Structure formats: C-alpha cells, structure tokens
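Below you'll find the structure, written out as structure tokens, and then a few comments.
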C-alpha cells in the first residue's frame, strides 16, 4: 500500500512550501522585497512566508478531515490494540 | 505609587504560582503510582491537553523574550522560525504516530528505551546506543532547562519592582517546576501546560498589539516607520548580514530536527489516547506554534526602532511593556512569559528524570525493579535534577538563541538513528551507534573548533554526517531482525 492521492497532494504541498521558502526561490522573492519592503502595509518578506505556510497548515487540516487512509489507519491500530488487550 | 505597583506585581506573580499548584494538585486525582503513568500518563491525553502540552512545551521563554531579541539583531530573518513552527507539528503526525504505535506494541515510555528496543537485535550495540541517546538528552535538555529559569528569574525581579531578587526568583521558579513535576509527573505537567498554553497565547498577542499601538499608534505605523528608517531589517540577510542562504537553510534544518528530537518533545508522542487524537493535536499544534507569532514582527521592529543599540535585546520585552503599557497589564503579560518558561522547563525536567529512571536506573542498577519502585525513584530524580538546574542557572549563560541552537544541534544529530527504523528495514544498530557518535563529534567540532564552516550551522553538519554514516554503515552491515519487525509492523498499519 503506497501513498494515497490525498497524502500525495498534502506531501507535495509541504515539499513545494519548503522549496518556496528557501533559496534560490526565496532569493528572488527577497530581491522583490528589497524593492518593495511593504505590501498592504505589512513587510512583504514576512507576508510571503506567512501565506506559504498558512497554505500548508490549511492543507494539513483539510487532509486530517479528508484523507480516508489516515482514518483507516486509526481504525486498524484500534483493532490491533484491542486484540492485544483482549489477548 | 511604586509600592502599589510592587503589590500588584507580587499579587499577579503569586496568583499565577497558586493557580499552577492548584491545577497540578487537581491532576493527582487521576494519578496511578506507576512509572508508566508518571512518564507518559499511560497514553491517556485528549486533543486539547495533548496539543496544548506539546505547544506550550515547544514554545519556551525564547518565544516571549528571545524572538524580539532575534528581530532586533537579524530583522525579519527571524521568520526562518516558521519552518520550525510548522514542520515539527507535521512530524508530530508522521513520526509521532509511528512512535506511538510502536510504544503500544512494545511498551516504550522513554527516549533511550525506544532506540534500545527498536535495535534490540543488535545486543550490546543497542544498549550502547541507548546510553548515548540518554547522555545527549540529559546534557542538552538540562542546559535548556536552566535557560528557562534564568529568563524568568529576571522577570520576577522586574514584575515585583525589585522586591523579589534575581536569586529569589530563580529559587521560586525552580521550586515550582520541581513541585509540579514531582507531584503528578506528565499528567500534572500537561494539565498546567494546558492552562499556561491558553494564557501565554492571549497575554503575548495582547502585549504585542498594545506596545506597538502605544509606541507608534498602530501596527501598520510600526511597519511604515521600519520601512523608512531600518529597511534592511525587512528582508535578508538582516541587520548584520548574517542570514546568507546557507545560514538560512542550515538554521531551520538544525532547529527543526533538533526540536523534534528533544526528549521532552519526543516523550509526548507516547502520551496520546489514540491516533485520531494525535492527528488533530498535530494540526492544532501547527496553527498554535505559527500564529502565536502573528504580531511578533511588530513588537520586534518596535524594539529596534526605539532601542536600536540596546546591548542585551532579549531583555527588551519587559522594558517595552513597562514603558508603554499600564503596570498591571505589563505584569499580566510577563506572567504569560513565566507560563511559557515554566511549561517548557517542567517538561524538560520530567523528560530527563524519565531518561535517568527508565534508560539508566532500570537497565543498569535495578533490572528487577517494579513499577511502583521506579515511580518513587523517578520522583527522587526530579528533586536531584532540580538542584542541578539551580546550580547551572547561577552561572548565567548568554543570549537564548545561541544556547538554543547549541542544544538543538546536539539532538538533531540523533535524528537519523531514531527515525530510520520507522521507515527503513536496512537500518542497523551498528550504523545507528556510529551515526550518533560521529554526528555528535562533528557538532562539537563545528561549534567550538571550526565554527559553522561555509556559513553552515554546526547542527546541519552534524545531521549530514550522521545521515551519511547511517546509510553507508547500514549497507555494509547485516540487517537486523528487530528493525525489520518494526518496519513490517508499521507498514502493515500505515501502508
């Protein structure tokens, strides 16, 4: 059993966030931040990272709701523990 | 006026101390006199308690005091932090759920007994690995605990207007930390963390908003002022030019992996009631750790604008609070800092006492000790370690972030040895032992001899060497049955 589609999407978002918040991509963003220190009145650099990682947090919450495989794991481990306790 | 303020400050302080004692005492209603219950609550924590104990334990005095110092020194390069806010929470689910499942199967309750257990086919090598893990956990965590005590003793002094001296504050804090841990083990620590986690979130966010508003008329004004006067602080490499690409990457790798591997963080993987609870606790943890800092840039830049050359920037938060907010409010927010420090320090004390009891005392001094005997031994260790923390604290080390980075570098080097047997059947005990030892040696060399070569932090060097050694030595040594068993079991459950 490999990664489910939901897991693949979630882990891809995490990897993309790591790529987006590190050089070389971050270096390009940083150049823009030097020219435009503020966006909508807040620091551009901070706002960019905040948005990138908020997407990850939101994806994590959605995955926790939606990824069926994680729910099946929860049930499976309950069964195993129950068996062990009964055994 | 001065006397009234001192009275208010002391009342808030002791009100907070009293509340923590009451909460810890209430938790003993569910106490069982066994080392399993003392070390892990027997895996009974629900979502709210688990996520808040993880989050409050994770965010230390650094969150309240050190972050402002960080921004003052390096500008918004500070937000490298976001990596070690979100990724450890995801690891809480990805790694923590697997460690939890193994603990249910094999009965792991500590740091060293986990590695000794998963690599048990390695015999004496696995035992040696358990000892190395215990030593690393003990050394780095105890230093970290002393830092919490230090930051807080200073606050006691400020809030009480000097009535409580630095030394008295240190003693009060350490006695409280020891008392909570001694009284109820992880359950008392987790219950008090729950209250403190809520309190520190409210206090810190209100404090940031009030100071920025009082000093510059609003958060947006702080940013506008910063963009005009100190623009170099709003992007990389920060005020001092230190945050070059290698430093940016290696810092978050070190602190993220190091924090995941801290014994007081790791031990919480055993404490959840079910996988569903761990999953949701992980999601809430990601949000809590990140959004606690939502107004930190405003506070940090306010500090830099108002006190550009202040020599000890970690101390600027109480100074700003006292100058720009009413004393009672300042004392309230600083009590939040006390909560942040206590919630980390008592968890660390608990983790180290568990290591000494489960990973040292039981296997090497009294293998036939029963649960109740070990419970009493662990409580004694809590008292002895509290005394050691007090001794270390009186030596007063420097900036929080420097010491935090040193501690996390040491634990980050253990990451490959601990995590490989969750996913990779070929990992062997010999490889894990070599990885841990060489990783620690490299951390020591790149911290004290060749400092951060190529602008890459010592923790990243330690981790890279530990990972390479683990892979190479595993490939040339014989596979081990116990690791294969663990990976097969986890594959059966997790896919």
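Residue numbers (my numbering), protein chains in the order written: chain A, 1 to 87; chain B, 88 to 582. Built from N, CA and C at the ideal position, the CB exists for glycine as well. Only a predicted model underlies this, so the values are computations on that prediction, with no experimental measurement involved.
Spatial distance of residue i from residue j (CA atoms)
| i | j | result |
| --- | --- | --- |
| residue 644 of chain B | residue 446 of chain B | Outside the shown range of chain B (88 to 582) lies residue 644 of chain B, about which nothing can therefore be said. |
| residue 396 of chain B | residue 403 of chain B | 11 Å |
| residue 454 of chain B | residue 13 of chain A | 47 Å |
| residue 178 of chain B | residue 373 of chain B | 10 Å |
| residue 157 of chain B | residue 562 of chain B | 42 Å |
| residue 386 of chain B | residue 245 of chain B | 19 Å |
| residue 539 of chain B | residue 169 of chain B | 22 Å |
| residue 329 of chain B | residue 336 of chain B | 12 Å |
| residue 268 of chain B | residue 41 of chain A | 45 Å |
| residue 149 of chain B | residue 472 of chain B | 22 Å |
| residue 10 of chain A | residue 511 of chain B | 22 Å |
| residue 580 of chain B | residue 366 of chain B | 15 Å |
| residue 333 of chain B | residue 196 of chain B | 37 Å |
| residue 500 of chain B | residue 300 of chain B | 43 Å |
| residue 371 of chain B | residue 138 of chain B | 6 Å |
| residue 147 of chain B | residue 68 of chain A | 35 Å |
| residue 406 of chain B | residue 383 of chain B | 16 Å |
| residue 154 of chain B | residue 401 of chain B | 8 Å |
| residue 570 of chain B | residue 428 of chain B | 37 Å |
| residue 530 of chain B | residue 83 of chain A | 44 Å |
Simplified DSSP state of residue i, which is helix, strand or coil
| i | result |
| --- | --- |
| residue 132 of chain B | strand |
| residue 450 of chain B | helix |
| residue 370 of chain B | helix |
| residue 238 of chain B | helix |
| residue 333 of chain B | helix |
| residue 67 of chain A | coil |
| residue 352 of chain B | helix |
| residue 359 of chain B | strand |
| residue 324 of chain B | coil |
| residue 413 of chain B | coil |
| residue 252 of chain B | coil |
| residue 400 of chain B | helix |
| residue 175 of chain B | helix |
| residue 42 of chain A | strand |
| residue 545 of chain B | helix |
Per-residue burial, residue i [other beta carbons within 10 Å of its own, 16 or more giving buried]
| i | result |
| --- | --- |
| residue 281 of chain B | buried |
| residue 56 of chain A | buried |
| residue 125 of chain B | buried |
| residue 347 of chain B | buried |
| residue 235 of chain B | buried |
| residue 35 of chain A | exposed |
| residue 180 of chain B | buried |
| residue 128 of chain B | buried |
| residue 252 of chain B | exposed |
| residue 88 of chain A | Missing from the structure shown is residue 88 of chain A; chain A here goes from 1 to 87 and no further. |
| residue 474 of chain B | exposed |
| residue 541 of chain B | exposed |
| residue 389 of chain B | buried |
| residue 449 of chain B | buried |
Cutoff 7 Å: residue i Cβ touching any chain B Cβ
| i | result |
| --- | --- |
| residue 41 of chain A | yes |
| residue 45 of chain A | yes |
| residue 19 of chain A | no |
| residue 79 of chain A | no |
| residue 58 of chain A | no |
| residue 73 of chain A | yes |
| residue 76 of chain A | yes |
| residue 38 of chain A | yes |
| residue 5 of chain A | no |
| residue 16 of chain A | no |
| residue 68 of chain A | no |
Anticipated Cβ contact below 8 Å, residue i with residue j, distance rounded
| i | j | result |
| --- | --- | --- |
| residue 113 of chain B | residue 278 of chain B | 7 Å |
| residue 226 of chain B | residue 520 of chain B | In fact, because the Cβ distance is near 18 Å, the residues do not count as touching under 8 Å. |
| residue 321 of chain B | residue 163 of chain B | 6 Å |
| residue 297 of chain B | residue 416 of chain B | 7 Å |
| residue 201 of chain B | residue 186 of chain B | 7 Å |
| residue 440 of chain B | residue 458 of chain B | The Cβ separation is near 16 Å, so there is no contact. |
| residue 409 of chain B | residue 420 of chain B | In fact, because the Cβ distance is near 10 Å, the residues do not count as touching under 8 Å. |
| residue 546 of chain B | residue 151 of chain B | Between residue 151 of chain B and residue 546 of chain B the Cβ distance is about 23 Å, and since that is not below 8 Å, they are no contact. |
| residue 432 of chain B | residue 264 of chain B | 5 Å |
| residue 352 of chain B | residue 144 of chain B | 7 Å |
Any C-beta of chain A under 7 Å from that of residue i
| i | result |
| --- | --- |
| residue 507 of chain B | no |
| residue 310 of chain B | yes |
| residue 384 of chain B | yes |
| residue 487 of chain B | Interpretation of residue 487 of chain B is limited by its pLDDT of 48, a score under 50 that renders its predicted location unreliable; the figure taken from the coordinates is listed afterwards. It does not; no Cβ of chain A falls within 7 Å. |
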